[in-house]
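Structure first, then comments.
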Amino acid sequence: MSVRTLPELRGVIDQVDAQILQLLAERGRLAAEVGAVKRAADETNFYYPDRESEILRRVMAENPGPFSAEQIATIFREIISAGLALEEPLQVAYLGPAGTFSQMAAQKHFGRAAVFQSTAGIAEIFRLVDSDQVRFGVVPVENSTEGSVNLSLDLLLDYPLHICGEVQLRIVHNLVAKCSMDTIQRVYVHYQTRAQCRQWLAAHLPRVQLVDVSSNAVAAERAAADAEGGAISTTVAAEAYGLDILAAGIEDNPENTTRFWVIGKISTRSTGNDKTSLVVAAANRPGSLHALLSPLASAGISLTRIESRPARSAIWEYIFYLDLLGHCQDAAIAPVLDALAQQASFYRCLGSYPRAVF
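Take a look at the structure:
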């Protein structure tokens, strides 16, 4: 078998690219046709997280290589995002400013063809979604190192919104600056980021001043204006503010991951790879929580998370946030949740949604 020359290989690649372009054009025409059918039926929702999840899982499973399953999912996420923009551009709010992990999570879930709106706080995301100024919001809910984001949990009880998706984002922290590391006098850092890089800071920058800021993006902005300042921030923010990455991956836990919820006003159907999030309260008597959760254990329903939060209605009373595997409409789960709702002193299903794909 003869070895093809570089010009020959490039020629074949050009032919393949032309085929890909034609197929993308056909997919775009089909997406536009889907949008026309939905508008003719007066359908107001153009985005279905369950359908998207099924597509991504299918192409990952059918991927013949040599690209990784995650690379294929990333490519198809952008194809889906561009196609959806032909139907109706999605408006999505995230915790800003630009360059934060929240923005990265929003782009990972919705693709770059969505219309993203930066907000100054998590409460603003809920308000924008509730008032229909945006279709969806992306809010941080849990970090594998620092635990839950309590404000997001509390706000879910204040607004009649649903969780309709989740995103898991690997968190990589970087020391960035315009100066060299040995001349840094101040490091601008978000308090959660500081906690996640505590050991590295103690070992490498034990005598610098740590200045608290509201986000990783603001940290980069402040460092860009300070000749002796550095920041712990994202690669996106570093690029935006012209900063050099002096040290990459300085988080203490190499598996540091943040989980985000996608909030909106839609409900999703069961895909077979779902989670359900609940808030429950048990009567204040011995064994009440055990009795409340026993039906879940008896039915073989797996809890992936349980967390207590003070109930704002009474002192020393608590509510419990539960995440379980499965969809609230699944035949094996629906009757158990009905029994749980009847037994609990307070019950609310926050949503069933596809599990994070990658």
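In terms of the UniProt record's numbering, the sequence shown opens at residue 1 and continues consecutively.
The beta carbon of each residue, even a glycine, is placed where N, CA and C say it ideally should be.
Separation of residue j from residue i, as counted between CA atoms
i                : j              : result
phenylalanine 76 : glutamine 342  : 43 Å
leucine 175      : threonine 5    : 44 Å
glutamate 228    : serine 313     : 49 Å
methionine 181   : threonine 119  : 32 Å
glycine 96       : valine 34      : 33 Å
serine 214       : tyrosine 188   : 10 Å
arginine 57      : leucine 350    : 24 Å
asparagine 273   : valine 129     : 26 Å
alanine 219      : arginine 194   : 11 Å
histidine 162    : isoleucine 250 : 35 Å
threonine 304    : leucine 151    : 20 Å
alanine 248      : valine 236     : 13 Å
leucine 24       : aspartate 17   : 10 Å
arginine 170     : threonine 258  : 7 Å
glycine 300      : histidine 290  : 15 Å
glutamate 8      : leucine 21     : 20 Å
glutamate 54     : histidine 109  : 14 Å
alanine 40       : serine 270     : 26 Å
alanine 105      : tyrosine 321   : 22 Å
Exposed unless 16 or more other CB atoms sit within 10 angstroms - verdict on residue i
i                 : result
glutamate 142     : buried
serine 352        : buried
asparagine 256    : buried
phenylalanine 101 : buried
glycine 83        : buried
threonine 183     : exposed
glutamine 192     : buried
isoleucine 13     : exposed
proline 206       : exposed
Residues near residue i in its chain [Cβ-Cβ closer than 8 Å; skip 5 each side]
i             : result
serine 345    : Ala281, Ala282 and Ala283
isoleucine 72 : Val59, Met60 and Asn63
lysine 178    : Ala223, Ala224, Ala227, Gly242, Leu243 and Asp244
leucine 337   : Thr276, Leu278, Cys328 and Cys349
Residue i (DSSP reduced to helix, strand or coil)
i              : result
histidine 109  : helix
glutamine 133  : coil
aspartate 182  : helix
asparagine 143 : strand
glutamate 43   : coil
isoleucine 55  : helix
serine 267     : coil
serine 81      : helix
isoleucine 163 : strand
serine 294     : helix
glutamine 199  : helix
Residues sharing a beta bridge with residue i, DSSP
i             : result
cysteine 349  : Leu278
valine 138    : Tyr94 and Val262
leucine 324   : Thr276 and Leu303
valine 176    : Ala231 and Ile245
glutamine 117 : Ala93
aspartate 212 : Val189
tyrosine 318  : Pro310
valine 354    : Here residue 354 turns out to be proline, not valine, going by the sequence shown. Proline 354 pairs with Asp274.
glutamine 168 : Arg259
serine 148    : Glu142
Cut-off 6 Å between Cβ atoms - residues of its own chain near residue i, not counting five sequence neighbours on either side
i             : result
threonine 268 : Pro49, Asp50, Cys164 and Tyr353
Same chain, Cβ closer than 7 Å to residue i, neighbours up to 5 away in sequence not counted
i             : result
alanine 311   : Ala281, Glu317, Tyr318 and Ile319
glutamate 221 : Tyr241
residue 400   : This structure cannot settle anything about residue 400, because the visible part of the chain is limited to 1 through 358.
Contact test: residue i Cβ vs the ligand SAM heavy atom, cutoff 6 Å
i         : result
serine 81 : Judged by which ligands are present, the structure shown has none, so any question about the ligand SAM falls away.
CB contact below 7 Å: residue i versus chain C
i           : result
leucine 322 : Annotation note: the requested chain C is absent from the structure, which comprises a single protein chain.
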